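Residue numbers (the numbering used here), protein chains in the order written: chain A, 1 to 459; chain B, 460 to 778. For every residue, glycine included, the Cβ atom is placed at its ideal position computed from N, Cα and C. All values reported here derive from a predicted model rather than from experimental measurement. A quick write-up on the structure given underneath.
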Amino acid sequence: MPTLLPQSHRLLHVLRALSAVALLSARAAIRSRVVAILLLLLAAGVIGIPRLVCGDGTPASELQVRLRYTLAFATGVLGLATLWASCAAFGAEIDSRRMDLTAVKPAHPLTLWFGRWLGIVLLDALLLLGVVAGVRLQLGFGAADTSRLVSRAIARPSLPAPEEEARIHFAELQRANRLPPDIPPTEILRRLTFESRHSHIVLHPGEAAFWRFTLPRPVTPDGRIWIRVQFNTTADSLVDVRGTCRVRRAGAAAWAAEAKVNDLTRNELEIPLAAPALAGAREIDLDFAYQGEPKAAALLIAPRDSLAILCAQGSFTGNLVRVMLAELAILAALAALGLTLGACFSFPVAAFAATALLLTVLAATGSSPEILPVDPSAGNSRPGLPERVSYRVVRSIDFITRPLLQPEPLAQAVAGERVPTGELTRLLLWGGGLYPLGLALLAATALRRRELARQGTGN
Amino acid sequence: MNSPIIETTGLCKVFRDFWQRPKVEAVAGLDLQVQRGEIFGLLGPNGSGKSTTIKLLLGLLHPTAGTIRVLGCPPTDVAAKARIGYLPEVSHLHAFLTPRETLHYYGSLFGLDAGTCRERTEALLDMVDLRHAANRSVGEFSKGMARRVGLAQALINNPDLLILDEPTSGLDPVACREVKDLVRLLAKAGKTVLMTSHLLADVEDVSDRVAILHAGRLQAEGRVADLLRRPDAVRFLVEGLDAETADAIRRDLEQRTHHAVVLDHPAMDLETYFLQVVARAAHRDHLTTHFQPAAFLAAAKEKPEVRDQKSEVSSQQAD
Numbered sequence: 001m002p003t004l005l006p007q008s009h010r011l012l013h014v015l016r017a018l019s020a021v022a023l024l025s026a027r028a029a030i031r032s033r034v035v036a037i038l039l040l041l042l043a044a045g046v047i048g049i050p051r052l053v054c055g056d057g058t059p060a061s062e063l064q065v066r067l068r069y070t071l072a073f074a075t076g077v078l079g080l081a082t083l084w085a086s087c088a089a090f091g092a093e094i095d096s097r098r099m100d101l102t103a104v105k106p107a108h109p110l111t112l113w114f115g116r117w118l119g120i121v122l123l124d125a126l127l128l129l130g131v132v133a134g135v136r137l138q139l140g141f142g143a144a145d146t147s148r149l150v151s152r153a154i155a156r157p158s159l160p161a162p163e164e165e166a167r168i169h170f171a172e173l174q175r176a177n178r179l180p181p182d183i184p185p186t187e188i189l190r191r192l193t194f195e196s197r198h199s200h201i202v203l204h205p206g207e208a209a210f211w212r213f214t215l216p217r218p219v220t221p222d223g224r225i226w227i228r229v230q231f232n233t234t235a236d237s238l239v240d241v242r243g244t245c246r247v248r249r250a251g252a253a254a255w256a257a258e259a260k261v262n263d264l265t266r267n268e269l270e271i272p273l274a275a276p277a278l279a280g281a282r283e284i285d286l287d288f289a290y291q292g293e294p295k296a297a298a299l300l301i302a303p304r305d306s307l308a309i310l311c312a313q314g315s316f317t318g319n320l321v322r323v324m325l326a327e328l329a330i331l332a333a334l335a336a337l338g339l340t341l342g343a344c345f346s347f348p349v350a351a352f353a354a355t356a357l358l359l360t361v362l363a364a365t366g367s368s369p370e371i372l373p374v375d376p377s378a379g380n381s382r383p384g385l386p387e388r389v390s391y392r393v394v395r396s397i398d399f400i401t402r403p404l405l406q407p408e409p410l411a412q413a414v415a416g417e418r419v420p421t422g423e424l425t426r427l428l429l430w431g432g433g434l435y436p437l438g439l440a441l442l443a444a445t446a447l448r449r450r451e452l453a454r455q456g457t458g459n
Numbered sequence: 460m461n462s463p464i465i466e467t468t469g470l471c472k473v474f475r476d477f478w479q480r481p482k483v484e485a486v487a488g489l490d491l492q493v494q495r496g497e498i499f500g501l502l503g504p505n506g507s508g509k510s511t512t513i514k515l516l517l518g519l520l521h522p523t524a525g526t527i528r529v530l531g532c533p534p535t536d537v538a539a540k541a542r543i544g545y546l547p548e549v550s551h552l553h554a555f556l557t558p559r560e561t562l563h564y565y566g567s568l569f570g571l572d573a574g575t576c577r578e579r580t581e582a583l584l585d586m587v588d589l590r591h592a593a594n595r596s597v598g599e600f601s602k603g604m605a606r607r608v609g610l611a612q613a614l615i616n617n618p619d620l621l622i623l624d625e626p627t628s629g630l631d632p633v634a635c636r637e638v639k640d641l642v643r644l645l646a647k648a649g650k651t652v653l654m655t656s657h658l659l660a661d662v663e664d665v666s667d668r669v670a671i672l673h674a675g676r677l678q679a680e681g682r683v684a685d686l687l688r689r690p691d692a693v694r695f696l697v698e699g700l701d702a703e704t705a706d707a708i709r710r711d712l713e714q715r716t717h718h719a720v721v722l723d724h725p726a727m728d729l730e731t732y733f734l735q736v737v738a739r740a741a742h743r744d745h746l747t748t749h750f751q752p753a754a755f756l757a758a759a760k761e762k763p764e765v766r767d768q769k770s771e772v773s774s775q776q777a778d
């Protein structure tokens, strides 16, 4: 006569239940033809988008279309499918009373939740892997220029932290008694930090600038590095940027390599350099001399945001896998959100709330101001209540979603930047760990408190 | 003294509307005790609170007032749930799963290891005679077939307490009889069964005790025999009595008691007659019908009582 497992095997018991629920989730998706439809949609996206969307003919644009648009489309489709499927996993189950049979079994609500989540995330992983493999194959066989299929570590100039600069500036203003009286000091400090973070230098023709970089890893033996300069100009049109870029080991007397810049561009330069003398170097000095016509437009360079030295690290395919994992972390968080909404509300309400939340987050993330905007023409430096409330709401949403949405792995991969291990770990920790755990606890509480069988169901 | 398997004290359930205003009092002050090894029937008209009581016992609804102990624990206790088998009124199975997958799934939720799960699944598939359809989706099944899968899943954990909500709903008479036989066998094996049914004959056939609910309140409770017995009347059953003798006895009884005496020929009930016809037809066609003799049933298989055709005399005292 079979008996239930003894207390000491409770973990085994939980794992059996977990795997059974995960398998049920996967079977539900596969046999309801959701997966078949998704496969068709994703295949259409991977094959169709590079053929339908035209870039401007440059290799960068081609990579943008083949990689960014395709993967963004796939993530979008999978994201919506994940959100709705996860809402249905509990919402529709409870509505249709199928949950009754499961709820009376000795499985903890957390086991049911994590089983469902695991099933959905594993399906997502498989589908995403298929998409990434398809994109990689297309890039390998169809790309005109494979020189952009690189993975590089990125280093920003070694500058004082914006917070530190802001504190110094704040102290100076305080000493000079020039702090605005009607703005709280914390708000002033936040604004000064914002200004410091986005501060730029203005480089007129004939002027030069110098920065020091600490690379995350030593330069490879072939000494290949790339210098990336993004800038704004005082002109509205393309700028003929002429100048000289020089690099050397930090503090060395002689420059290791020099590159002439002569490019008609709107706002970005990427200069490849081969300097074997830099092999193994971790600290590099960069000197840029702007040598345009005296009447040429000035360059506005924000070093913290838009100046970088890149050095080869890892493979492009490896970086694509990192991007996939990062996107999977977002899908995992969406699955967690949908499951919890489904545990709290009926399926239609959960699906509506999930979609509304998603749109709100996307809108807030796209327009989230770092500081509360002030209208100088209003004559009052303190914004009104509606502005303050909406600012707080948007900032709160940004605060909650920042760990998942702020780094843009896809944009990094398109730019040939390796998704840093730290960023990836953080994404996986939040999307695959902390968010799901918090939402699972919320869902378990809801499932325990909620009356799964209601009156008026005909029995 | 053994503690009851199910015990409710002052159980109340009030359903509220969106604004939390009381809407319906589905169960009102229900005191109920079900003892170990007992088959307990819960009866009542539609809306009397039977299903609500069952959902309260299973933790699917929360009581507004009162206490519930199931197997000595609150209804939401995981340890208690591990010993309960539940068949809802409508099976609510996953339509995309096959019966075999369904039983595996619910077995896994009980923590059964793969071997045990497989073994019990096969035995239950045999028991409910669904082996031939074990790889078809439950969504393709008739109501009766789905009901059998529901019954099998209720037994996958070899429960100590079986809660059956309308267990014979959707089943044909042969399957109904088999379910009732199964319920009796489970009770003989020491299991406790709580069942509801609109079909009073079903409950009467198998229950040791019944409770009758109306408007959420307990109206009557007790052993079936005690509730149905009429101490004010006597019935004689005599075989092979000719009409003349029977009439003489009737007249004699009337003279002695000064009450009317009813003389009739007892009839078989339709269920028994139907089962006999089907059994004869199956025997003729060399077919078996419905539930197959399964290993765990065969051990304690018991033939149900079939009333024979006899002359029956009953004497009723006038009030």
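Same chain only: Cβ atoms within 7 Å of residue 262 of chain A, ignoring 5 sequence neighbours per side: For residue 262 of chain A, where only same-chain residues beyond five positions count, the Cβ hits under 7 Å are 242.
Candidates B:618, B:570, B:691 and B:549, of which the one nearest residue 629 of chain B by Cα: Closest option to residue 629 of chain B, Cα to Cα, is B:549.
Closer than 7 Å at the beta carbon, the chain A residues around residue 555 of chain B: Per Cβ cutoff of 7 Å: 27, 28, 31 and 32.
Beta-carbon proximity of residue 431 of chain B to residue 697 of chain B, cut-off 9 Å: No statement about residue 431 of chain B is possible, as the shown extent of chain B runs from 460 to 778 and does not include it.
Against chain B: residues of the segment 96-108 of chain A by CB proximity under 9 Å: For the segment 96-108 of chain A, the residues whose beta carbon sits under 9 Å from a beta carbon of chain B are, in order, 96, 97, 98, 99, 100, 101, 102, 103, 104, 105, 106, 107 and 108.
Buried or exposed (CB count within 10 angstroms, at least 16 for buried), residue 466 of chain A: Chain A is shown only over 1 to 459; residue 466 of chain A falls outside these bounds and no answer can be derived.
Neighbouring residues, chain A, relative to residue 547 of chain B (Cβ below 8 Å): Those are 97, 100, 101 and 459, listed as they occur along chain A.
Endpoints, the alpha helix (DSSP H) within which residue 333 of chain A is located: That run of the alpha helix (DSSP H) goes 316-344.
Proximity below 9 Å, CB of residue 336 of chain A to CB of residue 439 of chain A: Going by C-beta atoms, residue 336 of chain A is nearer than 9 Å to residue 439 of chain A.
Cutoff 9 Å: residue 19 of chain A Cβ touching any chain B Cβ: Cβ-Cβ to chain B under 9 Å: yes for residue 19 of chain A.
Where residue 54 of chain A falls, given that 16 or more other Cβ within 10 Å makes a residue buried: Counting the other Cβ atoms within 10 Å of the Cβ of residue 54 of chain A gives fewer than 16, which makes it exposed.
Chain B contact residues for residue 453 of chain A, given Cβ-Cβ distances below 7 Å: Near residue 453 of chain A (Cβ distances below 7 Å), the residues of chain B are 514, 519 and 520.
Segments assigned alpha helix (DSSP H), at least 4 residues, entirely inside the segment 74-152 of chain A: For the segment 74-152 of chain A, whole alpha helix (DSSP H) runs of length 4 or above, ordered along the chain, are 98-103 and 109-142.
Delimiting residues of the alpha helix (DSSP H) encompassing residue 604 of chain B: Counting along the chain, the alpha helix (DSSP H) containing residue 604 of chain B begins and ends at 602-614.
contact_flag[the segment 383-395 of chain A, the segment 408-424 of chain A] where n(CB pairs < 8 Å) is 3 or more: At 8 Å Cβ cutoff, the stretches do not touch.
Neighbour list for residue 462 of chain B in chain A, Cβ cutoff strictly below 8 Å: For residue 462 of chain B, none of the residues of chain A pass the 8 Å Cβ criterion, the least Cβ distance being about 20 Å.
Straight-line Cα distance separating residue 93 of chain A from residue 99 of chain A: The alpha-carbon atoms of residue 99 of chain A and residue 93 of chain A are separated by roughly 5 Å.
Whole-angstrom distance between residue 116 of chain A and residue 90 of chain A, CA atom to CA atom: Computed Cα separation, rounded: 9 Å.
Beta-carbon proximity check, residue 516 of chain B vs residue 672 of chain B, cutoff 9 Å: Taking the C-beta atoms as reference points, residue 672 of chain B is found no nearer than 9 Å to residue 516 of chain B.
Within chain B, the residues that residue 490 of chain A reaches when beta carbons sit closer than 7 Å: No answer is possible for residue 490 of chain A: it lies beyond the span of chain A, which begins at 1 and ends at 459.
Buried versus exposed call for residue 105 of chain A [16 or more other C-beta atoms within 10 Å across all chains shown]: With 16 or more Cβ atoms within 10 Å of its Cβ, residue 105 of chain A is classed as buried.
DSSP state of residue 226 of chain A mapped onto helix, strand, coil: Correct three-state label for residue 226 of chain A: strand.
Under 7 Å from the C-beta of residue 537 of chain B: neighbouring residues of chain A: For residue 537 of chain B, the chain A residues whose Cβ falls inside 7 Å of its Cβ are 106 and 108, in order along the chain.
Interface residues of chain B facing residue 16 of chain A [CB-CB closer than 7 Å]: Per Cβ cutoff of 7 Å: 567 and 570.
Span of the beta strand (DSSP E) around residue 272 of chain A: Taken as a continuous stretch (DSSP letters only), the beta strand (DSSP E) holding residue 272 of chain A covers 268-274.
Span of the beta strand (DSSP E) around residue 627 of chain B: Looking at the DSSP string, residue 627 of chain B is not in any beta strand (DSSP E), and its letter there is neither H nor E.
Cβ neighbours of residue 494 of chain B in the same chain (closer than 6 Å, five flanking residues each side left out): Once the five neighbours on either side are set aside, the close Cβ partners of residue 494 of chain B are 463.
Span of the beta strand (DSSP E) around residue 483 of chain B: Annotation for residue 483 of chain B: the continuous beta strand (DSSP E) segment containing it runs 481-493.
Neighbour flag for residue 479 of chain B against chain A, beta carbons, 9 Å: Closer than 9 Å: no.
Minimum C-alpha distance to residue 491 of chain B - residue among B:670, B:594 and B:699: Residue B:670 is the option with its Cα nearest to residue 491 of chain B.
Burial state of residue 84 of chain A, where buried means 16 or more other Cβ atoms lie within 10 Å: Burial call: buried.
Cross-chain neighbours of residue 13 of chain A in chain B, by beta carbon under 8 Å: Scanning chain B for C-beta atoms nearer than 8 Å to the C-beta of residue 13 of chain A yields 570, reported in chain order.
Residue(s) in a DSSP beta bridge with residue 283 of chain A: In the DSSP secondary-structure assignment, residue 283 of chain A is bridged to A:214.
8 Å Cβ cut-off: residues of chain B touching residue 24 of chain A: Taking the beta carbon of residue 24 of chain A as reference, the chain B residues within 8 Å of it are 553, 556 and 564, listed in sequence order.
Nearest neighbour of residue 131 of chain A, chosen from A:113, A:114, A:48 and A:152 [CA to CA]: Measuring from the Cα of residue 131 of chain A, the nearest candidate turns out to be A:48.
Residue nearest to residue 468 of chain B in terms of C-alpha spacing, selected from B:526, B:511 and B:479: Between residue 468 of chain B and the set B:526, B:511 and B:479, the nearest pair of CA atoms involves B:526.
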